[in-house]
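Comments concern the structure below.
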Amino acid sequence: MPDSFPDPQQVAPARPKGGFGGRFRMLRTVTALMLREIATTHGRSFGGYLWALADPILGIALLTLIFQGVMGRASPPIGTNFPLFYATGYIVFQMYNDLAGKIAASLRYSRPLLAYPAVTFVDALLARWILNALLHVVVFVLVVAGIALAFRLTLVMDAAVVVQALALTALLGLGVGTMNCFLTMRFPVWERVWSIFNRPLFLMSGVFFTYDMMPRVVQELLWWNPVLHLVGLMRRGVYGIYPADYVSVTYVLALSLGLLAMGLLLLRGRYRDLLEL
């Protein structure tokens, strides 16, 4: 038996730079990382996939019970169906929040594999982002379709706007997660600080109210919350009749890309040293 394991630098050849070969190797690496996460995170039991669907259903049911049953509201702020209204807000918030958290921990999650030259920090970020974004898109489709079937709703959705809302939510989660990936590794206390800062975001993102219901002074403060724009955009796509004039796609896009670019620049060349901290 060998006295020690082989050096990863000798086992795995470095990825070719540029060209079709480099892109194909990156695709294989990202796919392998996705399959690894499926096997380790969700593949141990069917319950892993079931909880991804049960979580939003239970959250939506709880909100419906509180505001319709306990508080006695006759109808939601938009439309006539409480579960659909809360689904358009809750799932968007959960998608952003889960993606940001998963991506922030992606390098620590893939630490053993990052010792190999063929695996880069971008591969680890992309694998987690693609897999979990697809999972949330599937959950959104199943939950909304299930609500429509259960309550016999006729949905006249703008599919292009719904897809845009899902894509921007995924991009915001990637940008915030990438920036937090650097900050949590460089400053471990940031993980707790961010957790405290992020808690009231659920109450400020329009999950159980609309932007138009708020006083002017509150609107001016809430407008800077990008998740509020995403929820409004989703409701514009699902309901069609809701204008959501306050939504700024440019603001969400610029913020997401800015955080992503800054996070990638900070991680580049430093992530191996940060993993040793």
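Here the sequence shown stands for residues 14 to 290, where the numbers follow the working numbering.
The beta-carbon is built from N, C-alpha and C at its ideal position, and this holds for glycine as well.
Reduced DSSP secondary structure (H/G/I, E/B, other) of N94:
The residue given as residue 94 occupies position 81 in the sequence shown. Residue state, collapsed to three classes: coil.
Quick check: V169 and G253, are their CB atoms within less than 7 Å of each other?
Counted from its first residue, the sequence shown places residue 169 at position 156. Counted from its first residue, the sequence shown places residue 253 at position 240. Yes. Within cutoff.
L196 to E204 span [Cα, whole Å]
Numbered from its first residue, the sequence shown carries residue 196 at position 183. Numbered from its first residue, the sequence shown carries residue 204 at position 191. One C-alpha to the other measures close to 8 Å.
Return the CA-CA distance between L71 and P130, expressed in angstroms with no decimal places.
Along the sequence shown, read from residue 1 onward, the residue named residue 71 stands at position 58. Along the sequence shown, read from residue 1 onward, the residue named residue 130 stands at position 117. Each residue's alpha carbon lies about 43 Å from the other.
Could you tell me the alpha carbon to alpha carbon distance between L266 and G190, rounded to whole angstroms?
Within the sequence shown, the letter at position 253 stands for residue 266. Within the sequence shown, the letter at position 177 stands for residue 190. Distance between the alpha carbons of L266 and G190: 15 Å.
Please list, in chain order, all residues of the same chain as M192 whose beta carbon is under 7 Å from its beta carbon, the five residues on each side excluded.
Position 179 of the sequence shown, counting from 1, holds the residue named residue 192. L272, M275, G276, listed in sequence order.
Nearest-angstrom Cα distance between G282 and R121?
Here residue 282 is taken as the residue at index 269 of the sequence shown, counted from 1. Here residue 121 is taken as the residue at index 108 of the sequence shown, counted from 1. The alpha-carbon atoms of G282 and R121 are separated by roughly 16 Å.
Would you mind stating whether I116 and Y99 have Cβ atoms separated by less than 7 Å?
Within the sequence shown, residue 116 is the residue found at index 103, counting from 1. Within the sequence shown, residue 99 is the residue found at index 86, counting from 1. Taking 7 Å as the Cβ cut-off, I116 and Y99 do not qualify as a contacting pair.
Suppose you measure from the CA of L216 to the CA of T53; what does that come to, to the nearest Å?
The count along the sequence shown starts at 1 and reaches residue 216 at position 203. The count along the sequence shown starts at 1 and reaches residue 53 at position 40. Their Cα atoms are separated by approximately 33 Å.
Pick out the complete alpha helix (DSSP H) segments inside the region 205-281, 4 residues or longer, and give them in chain order.
229-235, 239-252, 262-280
In the DSSP assignment, the alpha helix (DSSP H) including I2 goes from what residue to what residue?
Because the chain in this structure spans residues 14 to 290, residue 2 falls outside the shown range and cannot be described.
For the alpha helix (DSSP H) holding T197, just list the boundary residues, first then last.
Sequence index remark: in the sequence shown, residue 197 carries index 184 (1-based). Unbroken alpha helix (DSSP H) run through T197: 172-199.
Could you name the residues of the same chain whose beta carbon sits closer than 8 Å to that of V285, not counting the 5 residues immediately before and after it, in chain order?
Residue numbering aside, residue 285 sits at position 272 when the sequence shown is read from its first letter. Strictly speaking, residue 285 in this sequence is Arg, with Val absent from that position. Answer for R285: L127, listed in chain order.
From R249, L270, H149, L243, residue whose alpha carbon lies closest to that of L187
As a first step, residue 187 must be located in the sequence shown, where it is residue number 174. Among R249, L270, H149, L243, the Cα nearest to that of L187 belongs to L270.
Return helix, strand or coil for Y284, following the three-state DSSP convention.
Sequence index remark: in the sequence shown, residue 284 carries index 271 (1-based). Three-state DSSP puts Y284 in a helix.
Pair within 7 Å by beta-carbon distance, S208 and L241:
Working through the sequence shown from its first residue, we reach residue 208 at position 195. Working through the sequence shown from its first residue, we reach residue 241 at position 228. No.
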